[in-house]
Each structure stands twice: as structure tokens, then as C-alpha cells.
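K.L.:
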Amino acid sequence: MMFNKNLKNILLVIFATLILSACSTAKKSGDIDGDVYTGKETVKYLASGVPDRVFFATNKSSLTTAARETLRKQATYLRKNKSLNVTIEGHADERGTREYNLALGERRANAARDYLMTYGISGNRIAVISYGKEKPVNPASTPLAWSQNRRSVTVKVN
Amino acid sequence: MRKIILFFILNIFLINKSNALIEIDITRGNLDPLPIAISPLHVDVNSQNYEGVKIKELGDNISKIIENNFRATGLFNPLKKEAFVQKPDIAHLKPRFEDWRLIKAQALVTGKLLVKDGKLKVEFRLWDLAAAKEMTALAFTTTPSNWRRVAHIISDKIYERLTGEEGYFDTRIIYVSEDGPKNQRVKKLAIMDQDGANTKYLTLGNELVLTPRFNPTNQMVTYMSYFRNMPRVYLLDIETGTQEVVGNFPGMTFAPRFSPDGKKIVMSFAKDGNSDIYTMDLDSRVVERITDHSSIDTSPSFSPDGKFIAFNSDRSGLQQIYVMRSDGSGVKRITFGNGIYGTPVWSPRGDLIAFTKMRKGRFYIGVMRTDGSGERLLTENYYQEAPSWSPNGRVLVFYRETKAGSKGEGFSAKLWSIDITGYNERRLKTETDASDPSWSSLLSK
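Sequence lines, in order, name chains A and B. The first sequence: position 25 = 27 (the working numbering), numbered continuously. The second sequence: position 21 = 25 (the working numbering), numbered continuously.
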């Protein structure tokens with residue numbers, strides 16, 4: 003009986019530790035969903051409440067729900083500022099071959115551009131440029147850094 | 005009696021002949037490199053001064069370059085000069101073979117040089133010590149400032165004689181020189197001799213430049229530049245420094261390479277998020293579209309006969325290697341292994357394709373037959389890619405990047421080479437960090 007109680011206590015402690023550590027790791031990687039960055043650390047703003055960038059999964063150029071939400075905000079902002087033109091920079095992480103990454107960055111930038119266009123922004127106002135893996139925003143060699151670097155960034159040109 | 009002697013001599017000759025050829029099999033990793041003695045070249049006492057060249061040390065310096073070349077192959081073991089038993093000039097006339105055999109040398113290189121009237125005259129001999137005979141000899145004249153190339157040409161001749169394969173020492177490597185923190189790299193085109201000497205910078209670093217590649221005659225280079233923030237394929241004449249954009253594309257062009265006859269450039273053009281492969285004829289300026297697929301098609305590389313193009317596509321979902329006829333017909337996927345594949349490069353011999361493979365967070369350089377069979381992974385690392393072939397198809401040069409710390413510290417990019425046997429991996433000396441190497445063909449061909 004006594005033994006059982008002890009065991010129970012021990013198990014409880016182990017359980018609690020597991021939950022706590024699970025929480026702490028969840029917090030650490032809380033800025034990544036799947037392998038898409040969801041945090042704000044590197045994000046800049048075109049205007050108040052209008053993030054300048056969206057993030058992608060490894061080797062992917064499909065837009066996540068969060069990315070579409072960000073791009074809708076950009077579209078609204080661009081509709082209000084009709085004289086404003088932008089360039090969308092497409093980027094890849096460092097874990098791919100250079101040439102493929104150039105193509106991938108281009109595809110990501112165009113995915114963002116296409117989405118803005120479906121919200122009524124003229125293609126003439128949106129240039130794209132791919133930098134492949136050449137311009138990491140976070141130079142670390144970690145999954146978090148790579149997720150921050152897989153991005154398209156909308157930059158004002160005038 | 006006379007007949008007997010004659011017979012004897014003949015017999016020795018025949019025996020010699022059967023023992024004569026020291027041969028090195030370079031198709032396997034050589035774990036027992038051939039001991040070779042490379043005697044300093046004898047400098048003729050009548051040599052005159054020549055500006056910029058240290059005449060007295062020239063014989064030593066040439067032999068040191070040959071020695072370094074041979075050591076770097078992994079196939080030879082150049083012996084220490086302190087153990088040498090004969091003076092260079094005497095050895096060059098006729099070595100005392102038995103003495104050289106005592107220091108365990110199997111081959112001996114001797115030579116002499118004379119600098120006179122602004123000319124450098126060099127001759128060398130390669131001796132088979134076991135057979136006690138000369139294997140090859142050559143004399144040539146050039147300008148004294150060319151002395152490093154002389155050493156490389158001699159190296160090529162000896163390598164050719166001993167391995168039966170063309171050498172690769174009188175060659176250059178063009179690459180991207182890198183400097184500065186990881187997220188603000190300054191990149192310049194740089195060119196150097198294969199052994200790291202004579203580095204020259206071809207651009208100033210004002211704009212991002214990537215993936216330079218030689219044409220077959222090594223006069224021209226095609227590369228990608230972000231000049232005026234417009235990423236395009238360029239053509240550069242190394243001698244004159246003239247540069248021009250290749251083609252009149254309304255978007256990014258990248259991943260350029262020459263066709264084996266040097267008349268065309270094959271590259272990717274990205275439009276509306278889709279990259280396809282195009283060629284441009286350099287004379288007629290005619291542009292041809294080679295692939296038309298909604299996937300990414302890039303990293304094209306011609307077969308040496310010009311009939312096929314290997315390329316990289318993600319049409320199956322992830323990056324794989326495909327081969328097609330050079331008009332774009334008959335596309336066939338050739339990689340089916342575990343992992344994803346990029347940067348196919350056709351061997352100058354035509355028999356193999358080198359590639360980068362990515363699997364479970366590791367990067368490999370490998371080779372496979374041109375139908376994708378016989379895959380061999382030569383080297384594994386944290387990050388490496390972009391193999392380029394030595395002109396004899398025996399060695400690959402590529403670049404390798406290190407893992408960086410949280411602020412990007414500890415990051416480096418360096419050039420490495422490895423034999424296609426998987427042996428003899430070594431780092432190439434470069435003045436700065438380096439990436440995207442491209443190996444020239446033999447300069448003196």
C-alpha cells in the first residue's frame with residue numbers, strides 16, 4: 003500500500019515534469035507550425051497592422067491561412083494607397099541547392115503577387131525578385147532561422 | 005660469342021620492356037601511392053636575370069609545384085628532397101638508377117632550364133628507375149613569367165605518361181569569392197590556377213554574382229549577376245573584360261552553362277513563378293525554349309556530345325534529375341533513390357553525371373551513370389553542392405558550407421575536391437571564402 007502510494011507520487015511528479023517540459027518545448031517552438039514560421043520576431047510593417055512578409059513551408063510555395071490573411075491586409079493597404087508600387091522579394095532557406103532556391107524564391111514571390119492580384123491589385127504595381135538563399139534574415143543554422151528565411155517580403159518602391 | 009652477347013643485350017632489353025611501364029590505376033582509390041622523386045631542375049649557369057622572376061630559385065620552385073600537384077592527386081608520394089642522392093644536373097644526364105632505387109623511388113623527374121634573351125628554355129625527363137630507362141622527355145621555350153604554367157605542363161605530361169589519362173594541372177578554376185558576415189556577404193567573381201596561385205578578381209563586389217562557368221576554350225565565362233537589381237545571365241570575356249546580358253528576357257535568368265561546342269548558353273528563365281529551360285545561340289541570338297512545364301526546371305547541363313541535357317525538376321513533387329534530348333524531347337527521370345537530387349553535371353568523358361543529394365538533413369556529392377544506375381555517394385556533410393568536373397573526368401570540385409551559430413558566427417564556405425573513387429578528399433586553397441567553382445579545360449590543349 004505504502005509502496006503504491008509512493009509510486010503514485012513518483013508517477014505524479016514524473017507526469018508533472020513531462021507536462022511542464024512539454025509546455026516549455028512547445029513555447030520554444032511555438033513560433034513554428036508544421037515548419038512554417040508563425041512568430042513576429044523578424045516581421046516589419048508596411049503600415050500599422052500590415053505585416054510586410056509571409057512564411058512558407060520547406061520546398062513549398064503554397065500560402066498558409068496566416069499568409070493569406072497578411073496578404074489581404076497588404077491588398078487593402080495597397081488599394082487605399084493607389085500610387086504605391088511594391089516589389090515582392092522571394093527567399094529560400096539555406097538547406098537547398100543555390101539554383102533551385104532561386105527558382106523557389108521566384109515561385110514564392112509570385113504566389114504572393116498572384117494573391118494580391120486576386121484582391122484587385124494590378125500586376126503592374128507589383129514587381130517580383132528572387133534572392134534564393136542569398137539574403138537570410140536570420141543567419142543561424144537552426145530550424146527556427148530557416149523558417150524565418152523561407153519568406154516573401156513586400157517592399158515599397160516609391 | 006658475339007651472337008651470345010647480342011642475344012643477351014636483346015634479352016635485357018625485352019625484360020626491361022616487360023618491367024618497364026610503371027602504371028598507375030586511377031580507377032580505384034590508390035592506398036599505396038607511387039613513390040616518385042622530383043629533382044629540382046638544374047639552373048644553367050649562363051642564365052640571365054629576368055624582371056620579376058627569381059632565377060636562382062626557379063629550378064627549385066618549379067619542382068615544388070610539380071611535387072605539390074602530385075601530392076594532391078593522392079596517387080603519388082613525392083619523396084623528401086633531403087634524401088636525394090645526385091645533383092640535379094648529373095641526374096638529368098643519366099641517373100645512377102640503383103642509388104635512386106635505394107631511397108625507394110620508383111620514378112624520377114629531372115630537368116634543367118636556361119633563361120636567356122628573355123626566354124625560358126626548359127627540358128625535363130621522366131625515368132623509370134626499376135627498368136633503368138627514360139620514359140618520356142620534353143623541351144620547350146616560353147617567356148620566363150610563365151614559369152608556373154611550365155611546372156603544370158610538365159606535371160600533366162608526367163601524369164599522362166604514368167596513368168595513361170590526360171592531366172588536369174594546367175587548368176584554372178573560376179569561383180565566387182565570398183567575404184563578410186553571413187547575412188551581408190560580398191561576392192565577387194574570382195579566378196585562380198588549379199593549385200590556388202594567381203588569384204584575380206573579375207568583379208568588384210558591388211552586385212551579387214553567382215554560378216560562373218567557363219566556355220570550352222576558357223576565354224568566356226557565363227554567370228548570373230544582380231547588376232541594377234535585375235538578376236540576369238551574363239557573358240564575360242576574361243581577356244577584354246567585356247560583359248553583356250545574355251538574351252532579352254523580361255525576368256530572371258539563371259543557372260547558365262555553355263554547350264560543349266561553346267556556341268550556345270543553356271539556362272533557366274523564370275516567368276510568373278515558373279522556371280523553364282532555354283538556350284540562346286551566341287552568334288544568331290536565337291532563343292529556343294527547351295522545356296515547357298509548370299514545375300521548376302533548372303540546373304541544365306549538356307552531355308559532352310551535345311545530344312542530351314540533364315536537368316533538375318520538381319515535376320514529381322520534389323527535386324529530381326531528368327535527362328532529355330537537347331531539343332527537349334524524350335524527357336526521362338533518372339533518379340529514384342531516397343532523398344532529393346539537384347545540380348546534375350555531365351562528366352567530360354560522358355560516362356557519368358555528378359550531382360548533389362539531400363537526405364535527412366545531410367548533403368552528399370555523388371556520381372551515377374547517365375541512366376541513373378550505379379549511384380555512388382562520395383562525400384557526406386552538413387552542406388555541400390555544385391560539383392564541377394576536372395577536364396579528365398577523374399576529380400570533382402565543389403563547395404561546402406559550415407553550420408553557423410546563432411549570430412551567423414562560425415560560418416564559412418570553402419572549395420573542396422574529391423576523386424570519383426571517393427578517396428582523396430581535400431580542401432583547395434583560396435584567398436577568401438569561396439563557392440560555385442567551375443573547372444576549366446586544359447589551357448594548353
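The beta-carbon is built from N, C-alpha and C at its ideal position, and this holds for glycine as well.
May I ask you to report which of helix, strand or coil DSSP gives B:Thr-360?
P.N.:
Note: B:Thr-360 maps to strand in three-state DSSP.
K.L.:
I need the DSSP call for B:Lys-418, collapsed to helix, strand or coil.
P.N.:
Looking at B:Lys-418 - three-state DSSP - the assignment turns out to be strand.
K.L.:
Give me the Cα-Cα distance between B:Asn-428 and B:Leu-382, rounded to the nearest whole angstrom.
P.N.:
Distance between the alpha carbons of B:Asn-428 and B:Leu-382 is about 10 Å.
K.L.:
Starting from the N-terminal side, write out each stretch of the alpha helix (DSSP H) that is 4 residues or longer and does not extend beyond the segment 299-346 of chain B.
P.N.:
Those alpha helix (DSSP H) runs which fall completely within the segment 299-346 of chain B and span 4+ residues do not exist here.
K.L.:
Could you please give me the residues that DSSP links to A:Glu-91 through a beta bridge?
P.N.:
A:Glu-91 pairs with A:Ile-131, A:Val-155.
K.L.:
Tell me which same chain residues have a C-beta within less than 7 Å of the C-beta of B:Ile-94, skipping the five on either side of it?
P.N.:
Within the same chain, B:Ile-94 has no close Cβ partners at all.
K.L.:
Go through its chain and collect everything with a Cβ distance to B:Trp-393's Cβ below 7 Å, but skip five positions before and after it.
P.N.:
Same-chain partners within the cutoff: Val-349, Ser-351, Pro-352, Ala-358, Leu-400, Trp-443.
K.L.:
Tell me, to the nearest whole angstrom, how far the beta carbon of B:Pro-82 is from that of B:Gly-63; I am working on the premise that it is less than 8 Å.
P.N.:
Not confirmed; about 16 Å, so no contact.
K.L.:
Would the segment 182-192 of chain B and the segment 160-168 of chain B be scored as touching if the rule is three or more Cβ pairs under 8 Å?
P.N.:
No, because fewer than three Cβ pairs between the segment 182-192 of chain B and the segment 160-168 of chain B fall closer than 8 Å, the two stretches do not touch.
K.L.:
Just mark A:Tyr-133 as buried or exposed, buried being the case when its beta carbon has 16 or more other beta carbons within 10 Å.
P.N.:
The residue in question, A:Tyr-133, is buried, as its Cβ has 16 or more Cβ neighbours within 10 Å.
K.L.:
If you count every other CB in all the chains shown that lies within 10 Å of the CB of A:Glu-91, and 16 or more means buried, which is it?
P.N.:
By the 10 Å Cβ count, A:Glu-91 comes out buried.
K.L.:
Whole angstroms are fine: how far does the CA of A:Arg-127 sit from the CA of B:Arg-176?
P.N.:
Looking at the two C-alpha atoms, the distance is approximately 45 Å.
K.L.:
In whole angstroms, what separates the C-alpha of B:Phe-101 from that of B:Ser-43?
P.N.:
The alpha-carbon atoms of B:Phe-101 and B:Ser-43 are separated by roughly 13 Å.
K.L.:
Does any C-beta atom of chain A lie closer than 8 Å to the C-beta of B:Asp-437?
P.N.:
Taking Cβ atoms only, chain A never reaches closer than 8 Å to B:Asp-437, which makes this a no.
K.L.:
Where B:Thr-145 and B:Lys-125 are concerned, what is the direct C-alpha to C-alpha distance, given to the nearest angstrom?
P.N.:
Roughly 4 Å separates the two Cα atoms.
K.L.:
Nearest to A:Tyr-117 by alpha carbon, out of A:Arg-55, A:Ala-77, A:Asn-151, A:Val-159?
P.N.:
Of A:Arg-55, A:Ala-77, A:Asn-151, A:Val-159, the residue nearest in Cα terms is A:Ala-77.
K.L.:
In the DSSP assignment, find the beta strand (DSSP E) that holds B:Tyr-368 and state where it starts and stops.
P.N.:
Unbroken beta strand (DSSP E) run through B:Tyr-368: 366-373.
K.L.:
Tell me whether A:Arg-149 is buried or exposed, calling it buried when 16 or more other Cβ atoms sit within 10 Å of its Cβ.
P.N.:
With the sequence shown as reference, residue 149 of chain A is identified as Ser, and Arg is not the correct amino acid for it. Buried.
K.L.:
Counting beta carbon pairs with one atom in the segment 262-282 of chain B and one in the segment 297-308 of chain B, are three or more of them shorter than 8 Å?
P.N.:
With the cut-off at 8 Å, the segment 297-308 of chain B and the segment 262-282 of chain B touch.
K.L.:
What are the boundary residues of the alpha helix (DSSP H) that B:Glu-248 is part of?
P.N.:
B:Glu-248 -> not in any alpha helix (DSSP H); beta strand (DSSP E) instead, spanning 247-249.
K.L.:
Does any CB atom of chain A fall closer than 8 Å to the CB of B:Tyr-387?
P.N.:
Chain A contact via Cβ: present.
K.L.:
Restricting to Cα atoms, I'd like to know which of B:Ala-274, B:Lys-116, B:Leu-322, B:Val-237 is closest to B:Ser-51.
P.N.:
It is B:Lys-116.
K.L.:
Per DSSP, A:Phe-58 is paired with what?
P.N.:
Paired residues: none, contrary to the question.
K.L.:
Measuring only the C-alpha atoms, how far is B:Tyr-54 from B:Asn-150?
P.N.:
Between B:Tyr-54 and B:Asn-150, the C-alpha separation is close to 12 Å.
K.L.:
Return helix, strand or coil for B:Arg-398, following the three-state DSSP convention.
P.N.:
In this structure, B:Arg-398 counts as coil in the three-state DSSP scheme.
K.L.:
Rounded to the nearest angstrom, what separates B:Ala-314 and B:Gly-56 at their Cα positions?
P.N.:
Those two C-alpha atoms are separated by around 46 Å.
K.L.:
Buried or exposed: which applies to B:Ala-143, given that a residue is buried once 16 or more other Cβ atoms fall within 10 Å of its Cβ?
P.N.:
So B:Ala-143 counts as exposed.
K.L.:
Which same chain residues, not among the five before or five after B:Arg-105, have their C-beta less than 6 Å away from its C-beta?
P.N.:
Excluding sequence neighbours, B:Arg-105 sits near Leu-133.
K.L.:
Does the segment 77-88 of chain A come close enough to the segment 97-104 of chain A that 3 or more CB-CB pairs lie under 8 Å?
P.N.:
Taking 8 Å as the limit for Cβ pairs, the verdict is that the segment 77-88 of chain A does not touch the segment 97-104 of chain A.
K.L.:
Return yes when the Cβ of A:Pro-141 is within less than 8 Å of the Cβ of B:Lys-411, no when it is not.
P.N.:
Cβ atoms of B:Lys-411 and A:Pro-141: closer than 8 Å.
K.L.:
Measuring only from the beta carbon, is B:Phe-253 closer than 7 Å to any heavy atom that is part of the ligand NAP?
P.N.:
Among the ligands in the structure shown, none appear at all, so the ligand NAP cannot be discussed.
K.L.:
Spatial neighbours of A:Tyr-121 within its chain, please: C-beta separation below 7 Å, excluding the five flanking residues on both sides.
P.N.:
Cβ neighbours of A:Tyr-121 beyond the five flanking positions: Arg-74, Ala-77.
K.L.:
With a cut-off of 8 Å, does the C-beta of B:Phe-258 fall near any C-beta of chain A?
P.N.:
By this cut-off, B:Phe-258 is an interface position.
K.L.:
Can you give me, in chain order, the residues of the segment 118-133 of chain A that have a beta carbon less than 9 Å from any beta carbon in chain B?
P.N.:
If the cut-off is 9 Å between Cβ atoms, the segment 118-133 of chain A has Val-130, Ile-131, Ser-132, Tyr-133 near chain B.
K.L.:
Mind pulling the chain A residues with CB within less than 8 Å of B:Asn-316?
P.N.:
Under the 8 Å cutoff, chain A gives Thr-99, Glu-101, Tyr-102.
K.L.:
With a cut-off of 8 Å, does the C-beta of B:Ala-274 fall near any C-beta of chain A?
P.N.:
It does; some Cβ of chain A falls within 8 Å.
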